[in-house]
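Residue numbers for the sequence shown follow the numbering used here, beginning at 52 and rising by one.
Note that the Cβ used here is the ideal one computed from N, Cα and C, for glycine as well.
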Amino acid sequence: MYSIGDLSRRTGVKVPTIRYYEQMGLIDVPERSEGNQRRFGRAELERLAFIRHARDLGLTIDAIRQLIELSGHADRPCADADRIAKEQLASVRERIARLQKLETELERIATCCTGETVGHCYVIRALSDHSLCEHEH
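See the structure below:
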């Protein structure tokens, strides 16, 4: 059995986050010791590692909840899990595309500045006037 502190150290998930996951129903409410400490077992450790990895990949709490539900039915087809992963992949690709647009625009703004004072600074002007941007971002 693990205390909440042990679970935190082993998984890298902060104690308040573990409590939050309990409240959200992602991990079961643990047994309590005679001293009223939470006592977690191996199953909770593995579940928390699963959640941590899913969060690292950017999955939402709702998506994680669905995946946990799916994981409890080993004989079911994995189409729903695949769909969740593909939706997350599409979301990541959209964010990457937006970040690449931001990078291009910031690079352009930063290299267009020839002013030596803030009063003549292209960066300040461009941030004040969105029409000076070449592309939507």
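Excluding five sequence positions before and after cysteine 163, the CB atoms of its chain that fall closer than 7 Å to its own CB belong to Tyr173, given in chain order.
Contact annotation, leucine 58 with glutamate 95: C-beta distance approximately 7 Å; criterion of less than 8 Å satisfied. Across the structure, methionine 52 and lysine 65 are spaced so that their CA atoms are roughly 18 Å apart. Counting every other CB atom within 10 Å of its CB across the protein chains shown gives threonine 165 a total below 16, marking it as exposed. Each of Arg103, Ser179, Glu145, Leu118 was checked against the Cα of arginine 134, and the nearest Cα belongs to Leu118.
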